[in-house]
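Per the working numbering: the sequence shown = residues 393 to 729.
Just so it is clear, CB atoms sit at the ideal spot from N, CA and C, and this is done for glycine as well.
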Amino acid sequence: MATIKDVARAAGVSIATVSHIINGTRPVSDELRARVIRAMEELDYRPNALARSLRIGQTKTIGLIVPDNSNLFFAEIARAIEDTGYRHGYAVILCNSDGRGDKQQRYIQALVDKQVDGIIFISSGETTAGLQYALDNDIRFVMVDREVPDIVADAVLVDNELAGYQATRYLLELGHRYIACVGVPPYLTPIAQRVTGYYKAIEEAGLELPAGFCVYGDTQIESGERAINQLLRLVPRPSAVFVCNDMMAIGVMRGARRMGVSIPEELSVVGFDDIALARAMCPALTTMAQPISEMGRLATELLIKRIKGELSSSERQRIVLTARLVVRESTCPPRST
Ligand code: RIB
């Protein structure tokens, strides 16, 4: 069994340097870190995690809870979080709450009991289940993407109402007047704010939309297909639709095609997120691009600063980023009727 002494010798550094790199207790150059990690891998050295955590009072582990890791938005933000955590010497444990309060609570308790150093938390949207247990155990956590009311914690968010307004303004400026919306129930706060932005742009343009022009999905692809099946039966028929996430927008595009409606000629579609699949669609999806990687990186760096005590405990950090419109092939001016 290789020891820390064997690693130090193989890497040509002191035992203290190896220890600092393992525990993240001193910044080192990327070259030195890579050299020591390479020696650890070659010698198959396994630091004694329990001994280390008892010694430094940290497990160098971060918990991450997402509502649905099969949704590419959460998969992409989880990737950014894991990359950033690893770069800073932290392992990341990914948990999937399935958007359910009971699973969220069980995972928070499991992470606290495993003594993670902190948690990055994307709310299931349902409840704050489990958060009080984390607070009672002095676990630092950062909220990302979805802010939970009444919980005082660091947060990295996007201005969703502004983004919903901008997406709708773009369709209005193309000349569309019958613009539908596919949102989600109000308890999913960030997406509900996008719907607020949609209505703000519609009302500002002095438009009176017929009933039924805003319907709800559940963030999954199939709910987007069900939504467009409903919207395309309206009279007058919408010539454009703002969809509050890309997964549902993909369902909208599939449903429209199945109904023989061509995109963008007969129906313009704007999504939200800019997941990799949006760019791969045919036609490629016009969407409001969330700064997904930046959100993940900032949240992780914020949590690590909180873990290391580099931020005053009295002040909470609330970072609000902006989404940007990415015009692709799924939108065009309405056909002259
Ligand atoms: O696609 C999942 C959606 O829920 C994203 O828009 C993200 O903001 C999350 O809240």
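Report the three-state DSSP secondary structure of residue i (helix, strand or coil).
| i | result |
| --- | --- |
| isoleucine 667 | coil |
| arginine 689 | helix |
| valine 405 | coil |
| phenylalanine 605 | coil |
| arginine 532 | strand |
| leucine 527 | helix |
| leucine 580 | coil |
| valine 719 | coil |
| asparagine 488 | strand |
| leucine 503 | helix |
| alanine 672 | helix |
| valine 653 | coil |
| methionine 680 | strand |
| alanine 547 | strand |
| alanine 521 | coil |
| alanine 572 | strand |
| serine 411 | helix |
| isoleucine 514 | coil |
| valine 540 | coil |
| valine 662 | strand |
| valine 508 | coil |
| arginine 646 | helix |
| alanine 394 | coil |
| arginine 418 | coil |
| arginine 498 | helix |
| arginine 438 | coil |
| arginine 365 | Here the chain has residues from 393 to 729 only, and residue 365 is not among them. |
Measuring only the C-alpha atoms, how far is residue i from residue j?
| i | j | result |
| --- | --- | --- |
| alanine 400 | arginine 425 | 12 Å |
| glutamate 686 | alanine 472 | 8 Å |
| methionine 651 | cysteine 724 | 19 Å |
| threonine 692 | isoleucine 699 | 10 Å |
| isoleucine 594 | threonine 560 | 7 Å |
| proline 459 | serine 515 | 7 Å |
| isoleucine 543 | arginine 710 | 12 Å |
| proline 439 | isoleucine 684 | 33 Å |
| glutamine 497 | leucine 523 | 7 Å |
| alanine 394 | leucine 435 | 6 Å |
| proline 602 | glycine 481 | 55 Å |
| phenylalanine 513 | proline 675 | 34 Å |
| aspartate 537 | alanine 402 | 44 Å |
| asparagine 461 | asparagine 529 | 26 Å |
| glutamine 730 | aspartate 665 | Because the chain spans 393 through 729 in this model, residue 730 falls outside it and cannot be assessed. |
| valine 576 | proline 419 | 44 Å |
| aspartate 494 | leucine 456 | 16 Å |
| threonine 476 | isoleucine 583 | 26 Å |
| lysine 397 | valine 718 | 53 Å |
| leucine 580 | phenylalanine 533 | 20 Å |
| valine 587 | alanine 648 | 21 Å |
| arginine 689 | isoleucine 454 | 13 Å |
| threonine 611 | glutamate 658 | 24 Å |
Name the two residues that bound the continuous alpha helix (DSSP H) containing residue i.
| i | result |
| --- | --- |
| asparagine 552 | 552-566 |
| alanine 431 | 422-435 |
| glycine 701 | Neither: glycine 701 is in no alpha helix (DSSP H) and is coded neither H nor E. |
Using a Cβ-based criterion (distance less than 8 Å to any ligand heavy atom), does residue i qualify as near the ligand RIB?
| i | result |
| --- | --- |
| valine 504 | no |
| valine 550 | yes |
| cysteine 636 | yes |
| aspartate 528 | no |
| leucine 580 | yes |
| isoleucine 514 | yes |
| phenylalanine 605 | no |
| methionine 639 | yes |
| glutamine 682 | yes |
| proline 602 | no |
| threonine 611 | yes |
| isoleucine 583 | yes |
| aspartate 490 | no |
| arginine 716 | no |
| proline 577 | no |
| arginine 538 | yes |
| phenylalanine 533 | no |
| asparagine 463 | yes |
| proline 541 | no |
| aspartate 665 | yes |
| proline 733 | Missing from the structure shown is residue 733; the chain here goes from 393 to 729 and no further. |
| proline 675 | no |
| proline 419 | no |
| proline 726 | no |
Grab the span of the beta strand (DSSP E) containing residue i for me, first residue to last.
| i | result |
| --- | --- |
| isoleucine 711 | 710-713 |
* Contiguous alpha helix (DSSP H) assignments of at least 4 residues, all confined to the segment 448-485 -> 464-479
* To do: Please list the segments of the beta strand (DSSP E) lying wholly inside the segment 595-643, counting only runs of 3 or more residues, in order along the chain.
  => 606-608, 632-635
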